[in-house]
Amino acid sequence: YALCEGGVCQDLLTEAEKRFVSQGGMMLTGLCQRADTLNGNGRKYSKDILDREVKRYQTLIDQNRATGELDHPDSSVVSLEKVSHMVVSLWMEGNDVYGKIKVLDTPAGLTLRALVDGGVQVGISSRGLGSVREQNGQTIVEDDFQLICFDMVSEASTPGAYMMREHKGSVNENKDDKV
């Protein structure tokens, strides 16, 4: 897994999240976006833009409003009736944006859960607004970009942006168990 450097996975869940998982909840973690890399949509986001937007998005996370949908809709508005998950943590490591996602008990969240339980590898993709410019055959995302949300998708445009299920349970579990 991308988050398991050297084959040893870091424990990304808080104690409350471990309780949530041990009570049947689902948390997903993984790479969400990558700066200065051409994605599958032919776009490239600068590190400065992604760093700024990750910091700005923290307000939505803090307010428990950082929700997303299954698949990318045509709208720039997140439809609450179609929400499947909530981003609970987002951070940058170098050029990479990582996230921690709580799967919600909504109809779309139950579908997402069933997909993950069934072994489907789900991708994640940012949804945002802004302009682009062409430069040297690449589409560069401009400084007016605004991150709206992260949606779960079948094909991630960012290479490697697939979420993995966190299996960590309560703090009383055997510490030798590995994800």
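Each residue of the sequence shown is one higher than the one before, counting from 478 in the numbering used here. Glycine included, each C-beta is placed from N, C-alpha and C at the ideal position.
Inter-residue Cα distance where the pair is Arg604 and Glu546: In the sequence shown, residue 604 corresponds to position 127, counting from 1. In the sequence shown, residue 546 corresponds to position 69, counting from 1. The straight-line gap from Cα to Cα measures roughly 10 Å.
Could you tell me the distance, in whole angstroms, from the CA atom of Leu589 to the CA atom of Lys577? In the sequence shown, the residue the question calls residue 589 occupies position 112. In the sequence shown, the residue the question calls residue 577 occupies position 100. Roughly 15 Å between the two C-alpha positions.
Determine the direct distance from the alpha carbon of Leu515 to that of Ala638, and round the result to whole angstroms. One-based indexing of the sequence shown puts residue 638 at position 161. One-based indexing of the sequence shown puts residue 515 at position 38. The alpha-carbon atoms of Ala638 and Leu515 are separated by roughly 13 Å.
Does the region 616-623 come within contact of the region 580-594, defined as at least 3 CB pairs closer than 8 Å? no
Apply the 10 Å Cβ neighbour rule to Ser552 and answer buried if 16 or more other Cβ atoms are within range, or exposed otherwise. Locating residue 552 in the sequence shown gives position 75, where the first residue counts as 1. Answer is exposed; the Cβ neighbour count stays below 16.
Taking DSSP as the reference, what is the three-state secondary structure of Arg511? Along the sequence shown, one-based indexing puts residue 511 at 34. Arg511 falls in the strand class under three-state DSSP.
Out of curiosity, what's the CA-to-CA distance linking Leu624 and Tyr534? If you number the sequence shown from 1, residue 624 lands on position 147. If you number the sequence shown from 1, residue 534 lands on position 57. The straight-line gap from Cα to Cα measures roughly 7 Å.
I need the DSSP call for Thr635, collapsed to helix, strand or coil. Translated into the one-based positions of the sequence shown, residue 635 becomes position 158. Of the three classes helix, strand and coil, the one that applies to Thr635 here is coil, per DSSP.
Distance check for Met569 and Leu489, CA to CA, integer angstroms please. Residue mapping note: residue 489 aligns to position 12 of the sequence shown, counting from 1. Residue mapping note: residue 569 aligns to position 92 of the sequence shown, counting from 1. The alpha-carbon atoms of Leu489 and Met569 are separated by roughly 14 Å.
Contact check, Glu643 vs Leu505 under 8 Å by CB: the rounded distance? Numbered from 1 along the sequence shown, position 166 holds the residue referred to as residue 643. Numbered from 1 along the sequence shown, position 28 holds the residue referred to as residue 505. Yes, they are in contact, since the Cβ atoms of Glu643 and Leu505 sit about 7 Å apart, within 8 Å.
Are the beta-carbon atoms belonging to His549 and Asp628 less than 8 Å from one another? Indexing the sequence shown from 1 puts residue 549 at position 72. Indexing the sequence shown from 1 puts residue 628 at position 151. Contact: yes.
Which residues mark the beginning and the end of the beta strand (DSSP E) in which Thr544 is found? Here residue 544 corresponds to residue number 67 of the sequence shown, with the count starting at 1. Counting along the chain, the beta strand (DSSP E) containing Thr544 begins and ends at 544-546.
Identify, in the order they occur along the chain, each residue of the same chain with its Cβ nearer than 6 Å to the Cβ of Ser602, setting aside the five sequence neighbours on each side. Residue 602 sits at position 125 when you count from the first residue of the sequence shown. Excluding positions up to five away in sequence, the list reads Asp628, Val630, Ala633, Ser634.
If I follow the unbroken alpha helix (DSSP H) through Asp528, where does it start and stop? Position 51 of the sequence shown, counting from 1, holds the residue named residue 528. Where Asp528 is concerned, the enclosing alpha helix (DSSP H) stretches over 524-539.
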